[in-house]
Amino acid sequence: AQAILAQGFSPASSVRSPIGCHGRAPSFFSSVMAAVMAARDIEVAAPEQLQEQPTLSDKSSEADGESQQLDVEAEAQLPPQRLILVVMVCMIQGYTLIGPLQHAFKVQMKIGDTGDVAHIFTQAAALVQWGKFAMTLGQSVLLASLCPMQRVFLAMMGMMLGCLIPPFFVYALGSTWLGWVFISFGLIGLSLGIFECTFLNVITPLGPLTKSYAIMGFPAAFAIINVIGMSIVSFGVPVQALFWYILVCLPIGMAIFARHFVPQLVGGGGKVHASATAQINKQAVVWNSLKHSSVWLPQLVPFMLANIVGHFVMEGALPANFNTFNDRQAPLLSRDDGPLMTTSQFFVVFFVFVGLGDMLSRRVGYCFRLDSYTSNLIALAAGIACCVFGMLLTRIGVGVAAWASAFCAFSGQGFNYAVSAKYIDRFVPREHNLAAYSFWMFAGGAGAIAGSTMVDVLRGWICHGQSYPHLCMAGHHR
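See below:
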């Protein structure tokens, strides 16, 4: 209670329980609607509140800075709620449509790998990155009337609609209308841009241990689809089963979030350890955060630069490997000769290393205290070095090196993701938490777009402008 009063906000006694049910458990739709209606009561911090509330970096407000630090320390003691990983996985699995499932989508649409229609399909698929990039900050303007919690549910609904199109309209109904590609990937990108930064902001009061499991949802989702899912498909299961699985998981994740986490985050849910902190998780509108940017934005620049590097490597080096190992077999120890592995098996192992590097490093990032700004910068430098080293390993151009490259590059990105999220929650004034996440991810989106445009350049860098018996083929031979 002292922490709440010290923050300058009165306890939100008027916030009603989003799921205050007695007797029969509410249905999925009633749970979601109740959660959204409850979220409507969460107020955005007014400008006058921001003017009165001191920040951590204001030397004249040491007492208030200490108060926020006490809140951060209290959150650090909260037990992890591992169920949050399921919510994140259910949502991020929709993002995996940009991977191997993208090619399955194209095949079902009866579109080849070359020609004008194939080029249009590629540009439509790029809407995922452009939509994510645009809505990371664009939501602050276009969705200014919605509170963060409502934006989370809006993003979940948008992702569900985007993921409905391939299994239902294309596979079940047999439609080959090219417009479905634009609608599907566009909805997925826009929804992801809204969801990622807003969800991380919303669950901040649950503590860093819970968030450490949430951010593991990205690599876990890709591992489930690209490793386990594609392995099952290789045994004869129709690939459309993966599309249906992704679609079915989305309402399940939404229901878990609505019924288990929303009551804690808006109060009245019976979980005392989170509801007290949730009362102070009020966010300034983006204009007021920018007005006070001097207290948080300059310090965030190194974290934004690290995110640019990490996303550039992920979206550049990873696709370049697909275009490099493009024969039916992949060489493991030499460009010209040596042991070979079928390319499909090679990429299953490749994604295992991607998932292990990304997932483990995100957990490790939360194991370091990083109490000072300097220690955070050192951690970022280590993560960037790991990303760059992983990218350099791709130049060797053999399978084993590609596996090591994937592990190093994604370890660096995952580690910096955890370090940055932990820094934002701990040192950025709480009312600017959402703005900080938005700018940080906006920078990452710029790096992703830059990397995706450099795929052909990176392939030439790996292949040295030559073609080999099982590597750097002129065309795809898988």
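All you need for this note's numbering is the position in the sequence shown, starting with 1, plus 1271. We put the beta carbon where it would ideally sit given N, CA and C, even for glycine. Values in this document were obtained by computation on a predicted structure and should not be read as measured data.
With a 10 Å radius around the Cβ and a threshold of 16 neighbouring Cβ atoms, V1537 comes out buried.
A straight-line Cα-Cα distance of about 46 angstroms links L1349 and A1443. In the DSSP assignment, Q1600 is bridged to T1613. Shown here for N1592: same chain residues with a beta carbon closer than 6 angstroms to its own, the five before and five after excluded, namely A1673 in chain order. I1523 counts as exposed, since fewer than 16 other beta carbons sit within 10 angstroms of its beta carbon. The beta carbon of P1479 is closer than 7 angstroms to those of E1346, A1347, Y1637, K1693, D1696 in its chain, skipping five residues each way along the sequence. Contact between G1683 and I1655 holds: their C-beta atoms lie close to 7 angstroms from each other, under 8 angstroms.
Cβ-Cβ separation between G1365 and I1579: approximately 24 angstroms, too far for a contact (criterion under 8 angstroms). When beta bridges are read from the DSSP output, L1742 appears opposite Y1739. Across the structure, M1744 and G1731 are spaced so that their CA atoms are roughly 11 angstroms apart. Across the set K1377, K1403, Q1410, N1704, the C-alpha of N1704 shows the shortest separation from the C-alpha of S1564. By the CB criterion at 7 angstroms, G1457 and G1409 fall outside the cutoff. Taking a 10 Å sphere around the C-beta of D1598, we find 16 or more other C-beta atoms and assign the residue as buried. Straight through space, the alpha carbons of A1717 and A1577 are spaced by roughly 12 angstroms.
If you look at M1501, you'll find it in the alpha helix (DSSP H) that goes 1501 to 1505. With contacts defined by Cβ atoms closer than 7 angstroms, P1437 and W1515 do not form a contacting pair.
Pairwise C-beta distances place the stretch 1501 to 1520 in contact with the stretch 1360 to 1378, as three or more of them are shorter than 8 angstroms.
Close CB contacts of G1500 within its chain, under the 7 angstroms cut and outside five residues either way in sequence, are with L1513 (chain order).
Pairing T1481 with I1355, the inter-Cα distance amounts to about 7 angstroms. In the three-state DSSP reduction, P1522 falls in the helix class (H, G or I). The stretch 1487 to 1500 makes no contact with the stretch 1384 to 1401: fewer than 3 CB pairs, one atom from each, lie closer than 8 angstroms. In this structure W1567 is in contact with A1707, their Cβ atoms being roughly 6 angstroms apart against a cut-off of 8 angstroms. In this structure G1670 touches L1603 by the C-beta definition: roughly 4 angstroms separates them, less than 8 angstroms. Across the structure, A1719 and M1585 are spaced so that their CA atoms are roughly 7 angstroms apart. Residue environment analysis places R1633 among the buried positions, since at least 16 neighbouring C-beta atoms fall within 10 angstroms of its C-beta. In terms of Cβ geometry, F1583 and G1722 form a close pair [threshold 7 angstroms].
Classified as buried, H1741 has 16 or more neighbouring CB atoms from the shown chains inside 10 Å of its CB. C-alpha of F1453 to C-alpha of Y1644: approximately 43 angstroms in a straight line. Cα atoms of F1660 and F1440: separation of roughly 43 angstroms, rounded to the nearest angstrom. Within the stretch 1423 to 1478, not a single complete beta strand (DSSP E) segment reaches 3 residues in length. The closest CA to that of Y1739, considering only Q1600, I1496, G1464, is found on Q1600.
For L1461, the number of other beta carbons within 10 angstroms of its own is at least 16, and it is reported as buried. Residue nearest to M1430 within the set G1445, I1465, S1446, M1420 is I1465 (criterion: CA-CA distance).
A straight-line Cα-Cα distance of about 17 angstroms links R1530 and V1360. Under the three-state reduction of DSSP, G1383 is assigned to coil, being neither helix nor strand. Rounded to the nearest angstrom, the Cβ distance from M1725 to G1581 is 15 angstroms, too far for a contact under 8 angstroms.
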